[in-house]
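**Q** If you scroll down you'll find the structure; I have some questions about it.
What follows is the structure, given as structure tokens:
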């Protein structure tokens, strides 16, 4: 066997091929790692002087989590959403966040108990889709919310809530047409609550 390998015509002994292959694979792996696209952390790369890509401390404080929805066709839609589970985060939402950031992100509001109050759109710089979900993940309602005036949230009249004032435990906000593109409606879609754990 050794005589056959020695005369194989490769010009290098087989023992040299192994370390050479490891080095080549390591270099290729490093190059791929350097050029492979990574998720953007808008809070670390933010240029706060650009209103289109502005973020707020409350937005940046929200954890990012992969959540799952089942759409109208029964297919799973996986979304990386910011989780607003603290009062300050819930009160801030997308207020004063730039439209370029809104176009690339979603916020899932997670309340401690079912509520039935409205969401306001004052100080929000782009239209939003919103879906409200019950504790079991079923959709209470969906709406398109239009940007409201720039004013303090107290007294804001740009209000949106589910039809029939239905109670909800979760609400997902996303850019306009996100639900249409992903086939998410109140009739068949649902939030996979288990994906939140």
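In our numbering, the protein residues as written are 16 to 212.
Beta carbons are placed, not taken as given, at the ideal position from N, Cα and C, and that holds for glycine.
Since the model is a prediction, treat every value here as computed from it, not as a measurement.
Quick one: is residue 186 buried, meaning 16 or more other Cβ sit within 10 Å of its Cβ, or exposed?
**A** Counting Cβ neighbours within 10 Å, residue 186 comes out buried, since at least 16 surround it.
**Q** I need the straight-line Cα distance from residue 53 to residue 131, nearest angstrom please.
**A** Caution is warranted here: a pLDDT of 48 is assigned to residue 53, below 50, making its placement in the model unreliable, and the coordinate value is therefore given only provisionally. So the alpha carbons of these two residues sit roughly 38 Å apart.
**Q** Going by the DSSP bridge assignment, what does residue 183 pair with across the sheet?
**A** Its beta-bridge partners are 130.
**Q** To the nearest whole angstrom, what separates the beta carbons of residue 99 and residue 123, a pair I think is in contact under 8 Å?
**A** Correct: roughly 7 Å between the Cβ atoms.
**Q** Going by other Cβ atoms of all chains shown within 10 Å of its Cβ, with 16 needed for buried, is residue 82 buried or exposed?
**A** Buried, by the Cβ-count rule.
**Q** From residue 16 to residue 37, what does the alpha carbon distance come to, in whole angstroms?
**A** Only weak support exists for where residue 16 lies, its pLDDT of 47 falling under 50; the value from the coordinates is given anyway. Approximately 24 Å, taken between the alpha carbons.
**Q** Give the straight-line distance between the Cα atoms of residue 119 and residue 31, rounded to the nearest whole angstrom.
**A** Looking at the two C-alpha atoms, the distance is approximately 49 Å.
**Q** Quick one: what's got a C-beta closer than 8 Å to residue 165's C-beta in the same chain, skipping five residues either side?
**A** These residues qualify, in order along the chain: 137, 138.
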